[in-house]
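Engineer: Following full-length UniProt numbering, the numbering of the sequence shown begins with 1 at its first residue and continues without gaps.
A virtual CB, placed ideally from N, CA and C, is assigned to each residue, including glycine.
Source: prediction; values computed, not measured.
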Amino acid sequence: MGNQKQRREALIYHAKPQPGKIKIVPTKPYSTQRDLALAYSPGVAEPCLEIAKDKDNAYKYTSKGNLVAIISNGTAVLGLGNIGPEASKPVMEGKGLLFKIFADIDGIDIEVDTEDVDKFVETVKMIAPTFGGINLEDIKAPEAFEIERRLKEELDIPVMHDDQHGTAIISAAALLNALELSEKKIEEARIVISGAGAAAVSCTKLYKAFGAKAENIVMLDSKGVIRKDAENLSASKKEFATDRKIDTLAEAMVDADVFVGLSIANIVTAEMLESMAENPIVFAMANPDPEVDYDLAVKTRKDIIMATGRSDHPNQVNNVLGFPFIFRGALDVRATTINEEMKMAAVKALAELTKQPVPEQVNIAYGETRLTFGKEYIIPKPFDQRLISEIPPAVAKAAMDSGVAKNPIEDWDRYREELLQRSGNDNKVVRLLHNRAKMNKKRIVFAEADHLDVLKAAQIVHEEGIAEPILLGRKEIILELKKELDFDADIEIVDPTSKEFDEKHIRYATKFWESRKRSGTTLYSAKIRMRERNYFGAMMVLEGDADGMISGYSRAYPTVVKPIFEVIGRASNVKKVSTVNIMITDRGPLFLADTSINIDPNAEEIAEIAQNAANVASTFGFEPVLALLSYANFGSSSHPHAKKVREAVRILHESNPDLVVDGEIQTDFALNKELLQSQFPFSKLAGKKVNTLIFPNLEAANITYKLLKELNQADSIGPIMVGLRRSVHILQLGASVDEMVNMTAVAVIDAQEREKRRKAKAQAK
Numbered sequence: 001m002g003n004q005k006q007r008r009e010a011l012i013y014h015a016k017p018q019p020g021k022i023k024i025v026p027t028k029p030y031s032t033q034r035d036l037a038l039a040y041s042p043g044v045a046e047p048c049l050e051i052a053k054d055k056d057n058a059y060k061y062t063s064k065g066n067l068v069a070i071i072s073n074g075t076a077v078l079g080l081g082n083i084g085p086e087a088s089k090p091v092m093e094g095k096g097l098l099f100k101i102f103a104d105i106d107g108i109d110i111e112v113d114t115e116d117v118d119k120f121v122e123t124v125k126m127i128a129p130t131f132g133g134i135n136l137e138d139i140k141a142p143e144a145f146e147i148e149r150r151l152k153e154e155l156d157i158p159v160m161h162d163d164q165h166g167t168a169i170i171s172a173a174a175l176l177n178a179l180e181l182s183e184k185k186i187e188e189a190r191i192v193i194s195g196a197g198a199a200a201v202s203c204t205k206l207y208k209a210f211g212a213k214a215e216n217i218v219m220l221d222s223k224g225v226i227r228k229d230a231e232n233l234s235a236s237k238k239e240f241a242t243d244r245k246i247d248t249l250a251e252a253m254v255d256a257d258v259f260v261g262l263s264i265a266n267i268v269t270a271e272m273l274e275s276m277a278e279n280p281i282v283f284a285m286a287n288p289d290p291e292v293d294y295d296l297a298v299k300t301r302k303d304i305i306m307a308t309g310r311s312d313h314p315n316q317v318n319n320v321l322g323f324p325f326i327f328r329g330a331l332d333v334r335a336t337t338i339n340e341e342m343k344m345a346a347v348k349a350l351a352e353l354t355k356q357p358v359p360e361q362v363n364i365a366y367g368e369t370r371l372t373f374g375k376e377y378i379i380p381k382p383f384d385q386r387l388i389s390e391i392p393p394a395v396a397k398a399a400m401d402s403g404v405a406k407n408p409i410e411d412w413d414r415y416r417e418e419l420l421q422r423s424g425n426d427n428k429v430v431r432l433l434h435n436r437a438k439m440n441k442k443r444i445v446f447a448e449a450d451h452l453d454v455l456k457a458a459q460i461v462h463e464e465g466i467a468e469p470i471l472l473g474r475k476e477i478i479l480e481l482k483k484e485l486d487f488d489a490d491i492e493i494v495d496p497t498s499k500e501f502d503e504k505h506i507r508y509a510t511k512f513w514e515s516r517k518r519s520g521t522t523l524y525s526a527k528i529r530m531r532e533r534n535y536f537g538a539m540m541v542l543e544g545d546a547d548g549m550i551s552g553y554s555r556a557y558p559t560v561v562k563p564i565f566e567v568i569g570r571a572s573n574v575k576k577v578s579t580v581n582i583m584i585t586d587r588g589p590l591f592l593a594d595t596s597i598n599i600d601p602n603a604e605e606i607a608e609i610a611q612n613a614a615n616v617a618s619t620f621g622f623e624p625v626l627a628l629l630s631y632a633n634f635g636s637s638s639h640p641h642a643k644k645v646r647e648a649v650r651i652l653h654e655s656n657p658d659l660v661v662d663g664e665i666q667t668d669f670a671l672n673k674e675l676l677q678s679q680f681p682f683s684k685l686a687g688k689k690v691n692t693l694i695f696p697n698l699e700a701a702n703i704t705y706k707l708l709k710e711l712n713q714a715d716s717i718g719p720i721m722v723g724l725r726r727s728v729h730i731l732q733l734g735a736s737v738d739e740m741v742n743m744t745a746v747a748v749i750d751a752q753e754r755e756k757r758r759k760a761k762a763q764a765k
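1) Taking Pro158 as the reference, which of Val298, Phe620, Ala335 has the closest Cα?
2) Taking just the CA atoms, how far does Ala489 sit from Arg8?
3) DSSP state of Glu111, grouped into three classes?
4) Can you tell which of Lys482, Asp453, Lys438 has its C-alpha closest to the C-alpha of Glu468?
5) So within the region 226-289, which uninterrupted alpha helix (DSSP H) runs reach at least 4 residues, ignoring any that extend past its ends?
6) Return helix, strand or coil for Glu664, following the three-state DSSP convention.
7) What are the boundary residues of the alpha helix (DSSP H) that includes Thr744?
8) Under the rule that 16 or more other beta-carbon atoms within 10 Å means buried, what is Lys562, buried or exposed?
9) Is Leu78 near the ligand NAD, going by C-beta to nearest heavy atom under 6 Å?
10) Would you mind working out which of Thr337, Asn266, Leu733, Asp156 sits nearest Thr308, comparing C-alpha positions?
11) Rounded to whole angstroms, what is the Cα-Cα separation between Tyr13 and Leu592?
12) Under a three-way DSSP split, which group does Phe446 fall into?
13) Which same chain residues, not among the five before or five after His165, have their C-beta less than 7 Å away from its C-beta?
14) Using a 10 Å radius around the Cβ and a threshold of 16 neighbouring Cβ atoms, would you call Phe323 buried or exposed?
15) Taking the beta strand (DSSP E) that Leu693 belongs to, which residues open and close that run?
16) Could you tell me the distance, in whole angstroms, from the CA atom of residue 767 to the CA atom of Val616?
17) Our contact map puts Leu590 next to Asn691 with C-beta atoms below 8 Å; I'd like the distance itself, whole angstroms only.
18) Which whole-angstrom value describes the C-beta separation of Ala394 and Ala345, a residue pair presumed to lie in contact below a C-beta threshold of 8 Å?
19) Helix or strand or just coil, what does DSSP make of Phe591?
20) Can you tell me where the alpha helix (DSSP H) with Met530 in it begins and where it stops?
21) Could you have a look at Ser727 and say whether DSSP puts it in helix, strand or coil?
22) Please name the residue or residues paired with His161 in a DSSP beta bridge.
23) Between the region 26-46 and the region 115-130, do three or more beta carbon pairs fall short of 8 Å?
24) Distance cutoff 7 Å, beta carbons only. Does Leu49 sit that close to anything in chain C?
25) Spatial neighbours of Ser263 within its chain, please: C-beta separation below 7 Å, excluding the five flanking residues on both sides.
26) For Ser636 and Arg646, what's the separation of their Cα atoms in angstroms?
27) Drop a sphere of 10 angstroms on the beta-carbon of Gly548, count the other beta-carbons inside from all chains shown, and report buried for 16 or more, exposed for fewer.
28) Quick one: what does DSSP say Val722 is sitting in, helix, strand or coil?
29) Return the bridge partner residues of Ser72 from the DSSP annotation.
30) Rounded to whole angstroms, what is the Cα-Cα separation between Val320 and Phe102?
31) Residues in the same chain with beta-carbon distance under 7 Å from Ser554, minus the five sequence neighbours each way, listed in chain order, please.
32) Cα separation between Arg757 and Thr62?
33) From the DSSP output, read off the bridge partner residues of Arg570.
34) If we ignore side chains and look at the alpha-carbon of each, how far apart do Val748 and Arg190 end up?
35) Would you decide whether residue 770 is buried or exposed? Buried here means 16 or more other CB atoms lie within 10 Å of its CB.
36) How far does the beta strand (DSSP E) with Pro657 in it extend, from its first residue to its last?
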């Protein structure tokens, strides 16, 4: 049932709202006749003539320099085999998506309908003038070797078959670090390679480039150990054939220091692991199931250093750590090839990056207190934002040093800054959010679970492991909707109107009455209110029967806020509850406050809203840089509306001098670093990238975030409630399924943070 559900969701994902995963969008203005005359006839003739004089001008006047062709013939697609060029297209589009989100490279997929090497090579050569680089993908061996070799020889742009070199580069970085931790030298390491395909051959060649000795390497194919005395060996297998008189994997593993698996699942036994040398290194990279189960391996050998291709275990060998950044560096210096020096530079940069202190955002993403170089951290994590500022420069420098760069970089600091700006185009906040929530799941009440979209969100949250949903609402309706969604998991359902919950209903009502009896609430009215889902759900959270709650999908915001305030109330150190929306924009995440509650806050309240928004940004791993917005700039108006913002800034400067905050300031100056630097160089914001915007009133904040959401198609996470005693968050009316899933992750993280604070407080006592 699960596989059928996943199949349906995958098909819908690729089909709706429009087929495919990528599209082309204009990068120049096109609204006026003048724009169109420049874009096409007659203006377009000018760059054409310049390129005719010098072909290199194509890099100056067209998108060639940031365009990579992702080319396949569909002969070795993932684990699906030879399924043909058309069937490979979703994978190639997916590769284009990864190029874009990790390195801001535009990838165009091209599926070639031939298995003939000559025809394939000729086709790629004929279309190569369009592109700045060629990424070959999912082409079966041995043809893949010949195709790549010929294209590298015959083209003057970077060419790489990622299936070969991607895994090689990432695993080589991991291997260098693992050997360092186990105090072994690569020149002396005895290495077993399970697999003889394109990736295995490329990995082994790269290990040799770093010093591994041929006499210490044993490679196996599906028939067993590849020996020199075997007949009819291919050229690639001959290079790695051994003269040892052994035939099986079990024999090869005896006293081996390293096992590298690029083959099939579950071929390595506990006995084989026990036969390996001290401090064995095992890279079991078959997907989705490795050559040996991770839990079995670490249970069998306490001294093991292990990596897999899976994200649910430490040390994931993931090609996305390599190819986007290698091509980024190659394109940026207009390299004529991707040579061994560039690949080795990427390996060294990845290995070195692992040893550097890990940014808090990465720790947050993976739910770690502190990731440090060691047995369970031998390669960087895919969410590490430093990858784009470290790997491309290393690759670019290697291209320059090896004489293949046609456009050398002179200002490396500026180049790194440009790379970081590119990373803003792919905002990883949502992935960080989900990943962190999964690390310590919490029980979250879905207060409107008898609505289809809410239940769908709960289903996704359950299946993705983001939270443990508690379904609140009419039980018979929930059960009906669960059938409709094929949601057959055994999830707790709570119906406040059911006799089954009478005891809890009375207990909650009594508690609520005791807390509100001097605010006009009678025991009778308390019992009536506990029949309402938002009162009942909030009491579940208050009493510890749940860790958090989301509501608001079907009801206007004010009607949901009231019971939450009455039941949960403000935290003891908070004067005003406020909300923050995270807007996912092309320039990176923007934290906006207060978007939902405080209509016209005074200076002290704005200061508190700002401090709380800064705390939210920090919670998500971002160093807060706050602009307090107004229609005026730094004292240019004496109107009370501007003066209250100015006063809020003064309060913040006094109470928290380390906080990067300034204002009052207009939005364009806040978001445009160059404009701000030129006009107000004295500002604390000068030279910094603002990521948190504090508004003078609710109108401005609410209007702004909804404009961003609708006009710029910016995703929104929020409103995130700040200042309540428990983790309760209210959705916007009619929130989408994705928005509800994201807000559930927020509720989980909020609950996690509260739990951490409680434990820290208890330990302090």
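Structural biologist: According to the data block:
1) Ala335
2) If I take the Cα positions, the gap works out to 17 Å.
3) If DSSP states are grouped into helix, strand and coil, Glu111 belongs with the strands.
4) Lys438
5) Runs of the alpha helix (DSSP H) inside the region 226-289: 235-239, 249-253, 270-275.
6) strand
7) 737-764
8) Exposed is the call here.
9) Inclusion of the ligand NAD in the displayed structure is not the case, the ligand content being empty and no account of it being possible.
10) Asn266
11) 30 Å
12) If DSSP states are grouped into helix, strand and coil, Phe446 belongs with the strands.
13) Within the same chain, His165 has close Cβ partners Ser202, Lys343.
14) buried
15) 692-694
16) In the structure displayed, the chain extends from 1 to 765; residue 767 sits before or after that span and is not available.
17) Yes, they are in contact, since the Cβ atoms of Leu590 and Asn691 sit about 6 Å apart, within 8 Å.
18) 4 Å
19) strand
20) Taken as a continuous stretch (DSSP letters only), Met530 belongs to no alpha helix (DSSP H), as it is neither H nor E.
21) Secondary structure at Ser727: strand, using DSSP grouped into helix, strand and coil.
22) Under DSSP, His161 takes part in a beta bridge, and its partners are Leu136.
23) no
24) Any reference to chain C falls outside this structure, which holds one protein chain only.
25) Ser194, Gly195, Ala286, Glu291
26) Note on geometry: alpha-carbon atoms of Ser636 and Arg646 lie some 11 Å from one another.
27) Gly548 comes out buried.
28) strand
29) Glu111
30) Near 8 Å, if we compare the C-alpha coordinates of Phe102 and Val320.
31) Glu448, His451, listed in sequence order.
32) It is roughly 54 Å from the alpha-carbon of Arg757 to the alpha-carbon of Thr62.
33) Leu724
34) 46 Å
35) Because the chain in this structure spans residues 1 to 765, residue 770 falls outside the shown range and cannot be described.
36) Annotation for Pro657: no beta strand (DSSP E) segment contains it, and DSSP assigns it neither H nor E.
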